[in-house]
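Just so you know, we're using the working numbering here: the sequence shown kicks off at 18 and counts up by one.
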Amino acid sequence: SCNYSPEDFRRSFPLFQQPENRALVYLDNAATTQRPAAVIDAIADFYRHSNANTHRSSHRLARRATELVEETRAQAAAFLNARTSREVIFCRGATEALNLLANSLCAGLCEGDEIVLSTIEHHANLVPWQMMAQRYGLKLRYVPHIAGVPEFDRLEEVLNERTRIVSLTGGSNALGLRPDLAAIARQLRGRALHWIVDGSQLAAHEVIDVQATGCDFFVCSAHKFYGPTGVGLLYGREALLAAMPPWQGGGEMIAEVGLYHSEYAGLPHRFEAGTSSLGSLAGLNAAFAFLRQQDRSAMAAHEQSLVQRLHRELAQMPHLRLLSQPQHNLGIVAFAPVDGAPADLAHWLDERDIAVRVGNHCAQPLSRAAGVGATLRASVAGYTTWQDCEAFLHAVGEFQRVSATIPAENTAVAGWR
Ligand code: PMP
Numbered sequence: 018s019c020n021y022s023p024e025d026f027r028r029s030f031p032l033f034q035q036p037e038n039r040a041l042v043y044l045d046n047a048a049t050t051q052r053p054a055a056v057i058d059a060i061a062d063f064y065r066h067s068n069a070n071t072h073r074s075s076h077r078l079a080r081r082a083t084e085l086v087e088e089t090r091a092q093a094a095a096f097l098n099a100r101t102s103r104e105v106i107f108c109r110g111a112t113e114a115l116n117l118l119a120n121s122l123c124a125g126l127c128e129g130d131e132i133v134l135s136t137i138e139h140h141a142n143l144v145p146w147q148m149m150a151q152r153y154g155l156k157l158r159y160v161p162h163i164a165g166v167p168e169f170d171r172l173e174e175v176l177n178e179r180t181r182i183v184s185l186t187g188g189s190n191a192l193g194l195r196p197d198l199a200a201i202a203r204q205l206r207g208r209a210l211h212w213i214v215d216g217s218q219l220a221a222h223e224v225i226d227v228q229a230t231g232c233d234f235f236v237c238s239a240h241k242f243y244g245p246t247g248v249g250l251l252y253g254r255e256a257l258l259a260a261m262p263p264w265q266g267g268g269e270m271i272a273e274v275g276l277y278h279s280e281y282a283g284l285p286h287r288f289e290a291g292t293s294s295l296g297s298l299a300g301l302n303a304a305f306a307f308l309r310q311q312d313r314s315a316m317a318a319h320e321q322s323l324v325q326r327l328h329r330e331l332a333q334m335p336h337l338r339l340l341s342q343p344q345h346n347l348g349i350v351a352f353a354p355v356d357g358a359p360a361d362l363a364h365w366l367d368e369r370d371i372a373v374r375v376g377n378h379c380a381q382p383l384s385r386a387a388g389v390g391a392t393l394r395a396s397v398a399g400y401t402t403w404q405d406c407e408a409f410l411h412a413v414g415e416f417q418r419v420s421a422t423i424p425a426e427n428t429a430v431a432g433w434r
């Protein structure tokens, strides 16, 4: 992190420059990051200068909008290191990408076929598969785990000749845990199944290379890597996408429409029914350009140093239970007060304008298996400074000192319930 300046990076983000946000300590980046001016401006510029619908060769603005979408797709292919733009589908987010995969892939499965998931998956990588399991009589299996934390090196134990889909996180949004994708790839090699990586947390912190990873599908959401909300990426190997039935029907995804039958468009448009979030795609294009200007490995090293320090310091606080681990961690520290309600601590932090997430972080099965209710999560980004971490650690320490002097049943009286 020697040459990297989070302060310089932060200057690109107008939200932090607003008078009301000068003291803000934003540690909720795993929920969503902030947007740089380049992204905000690109969204406004699209609607101000270029707004029209795409894929209609009728007029100048329509051509321009079409070019913008296809140019963004080429940038997305480069961002993921896909072989061709035809392997990139634009979705509403990682959630929609996973629903597309679940619906399209499971339509071809037989009763009794199996899908392998893990206990730290985001709800977006659980619920769609549960819906398909119910619809088609499929069986869900889970990677062996200890108190909810998967042992990915034991993935092979739950694979068999009925396994058709393995859909696993590339990085947990609840614990930060980053599985060893190469070790997963080794266990899956040579098996007739499809491997999906939920890269939502990963793409924010690491350079993605779907070819080197060797996965069949990869999903992520732009709003977690400084891009707009409402747009996500689905990567799929071209041959697999070409063989999949479309999920949603409508305009833009067809070649010929009759009253009883239609011919679908080719890749990638057959999976993009309807009008896309065009302003968001313009913003995404700007986000890719913005990221290309950054030294991403220096940024990752900086984030790592923050995560290591947060773990080191929180581990020394006697009244806290630390749930995340600093090893293989993608920017997250998860913790809870030993006694007292996590919501009280979150409220205490919020009163000091320190934004963290409290709850189950869209991973309820994990909280249940770990035997914890709500937890707090602080998550860093490229603009997170040492001062941010100090303010956060100081406030948590203060809470500890205050709550140690007040019996738990009196906390409501003390005014921070
Ligand atoms: N998977 C993971 C690991 C996530 O962190 C998120 C977003 N927090 C999602 C899936 C869902 O993404 P979205 O809500 O943007 O569709």
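No residue lacks a Cβ here, since even glycine has one placed at the ideal position from N, Cα and C. All of these numbers come straight from a predicted model, not from anything done at the bench.
May I ask you to check if the CB of residue i is nearer than 7 angstroms to at least one heavy atom of the ligand PMP?
i: N68; result: no
i: D215; result: yes
i: I101; result: It should be noted that the sequence gives Thr, not Ile, for residue 101. Outside the cutoff, so no.
i: S238; result: yes
i: A47; result: yes
i: H139; result: yes
i: G110; result: yes
i: G154; result: no
i: N177; result: no
i: G300; result: no
i: Q381; result: no
i: T136; result: no
Using CA coordinates, which residue listed in the options is at the minimum distance from residue i?
i: Y243; options: V175, L32, L339; result: L32
i: V236; options: G216, L284, D170, A82; result: G216
i: S279; options: G268, E289, P285; result: G268
i: N116; options: N142, V133, R103, S102; result: N142
i: M148; options: A119, G193, G283, W403; result: A119
i: G231; options: V248, R254, T401; result: R254
i: A94; options: A386, L276, V224; result: V224
i: A395; options: E415, P382, Q333, R326; result: R326
i: R152; options: A272, A315, D130; result: D130
i: A299; options: Y21, A229, E88, A40; result: E88
i: Q126; options: A209, Q92, L339, R90; result: The sequence shown places Leu at residue 126, rather than the Gln named in the question. Out of A209, Q92, L339, R90, A209 has the C-alpha closest to the C-alpha of L126.
i: A54; options: E407, A306, W146, W212; result: A306
i: A256; options: S420, N20, A99, D62; result: A99
i: I201; options: A221, D233, T71; result: D233
i: H211; options: M261, D226, R171; result: M261
i: R369; options: L331, F416, S384, G376; result: F416
i: R39; options: R203, R27, D58; result: R27
i: A290; options: W264, N46, R309; result: W264
i: I182; options: L198, L157, Q34; result: L157
Given a cut-off of 8 angstroms, decide if residue j and residue i are closer than it, judged by their beta-carbon atoms.
i: L393; j: A363; result: yes
i: G348; j: G193; result: yes
i: L44; j: D405; result: yes
i: P245; j: V86; result: no
i: A82; j: G249; result: no
i: M316; j: G399; result: yes
i: I371; j: V160; result: no
i: I137; j: G110; result: no
i: A304; j: A239; result: yes
i: R90; j: L284; result: no
i: I132; j: S184; result: yes
i: F352; j: L366; result: no
Just checking my contact of residue i with residue j at CB under 8 angstroms: how many whole Å lie between their CB atoms?
i: P196; j: T186; result: 7 angstroms
i: L219; j: C108; result: That pair is no contact at about 17 angstroms.
i: H328; j: V355; result: Their Cβ separation, rounded to whole angstroms, is 17 angstroms, which puts H328 and V355 out of contact at 8 angstroms.
i: G296; j: I60; result: 5 angstroms
Helix, strand or coil for residue i? Go by DSSP, reduced to three states.
i: S18; result: In this predicted model, S18 has a pLDDT of only 43, less than 50, meaning its place in the structure is not dependable; the value taken from the coordinates is given anyway. Here S18 sits in coil by DSSP.
i: A429; result: The pLDDT assigned to A429 is 35, lower than 50, so where the model puts this residue is not dependable; a value taken from the coordinates is nonetheless given after this. Three-state result, A429: helix.
i: C406; result: helix
i: V419; result: helix
i: R434; result: Confidence in R434 is poor, its pLDDT being 22 and thus under 50, which makes the residue's placement unreliable; the coordinate value appears in the next sentence. Residue state, collapsed to three classes: coil.
i: A99; result: coil
i: V144; result: helix
i: D58; result: helix
i: I201; result: helix
i: N116; result: helix
i: E88; result: helix
i: S322; result: helix
i: G125; result: coil
i: F26; result: helix
i: Y43; result: strand
i: Y281; result: strand
i: N38; result: helix
i: W365; result: helix
i: V105; result: strand
i: G414; result: helix
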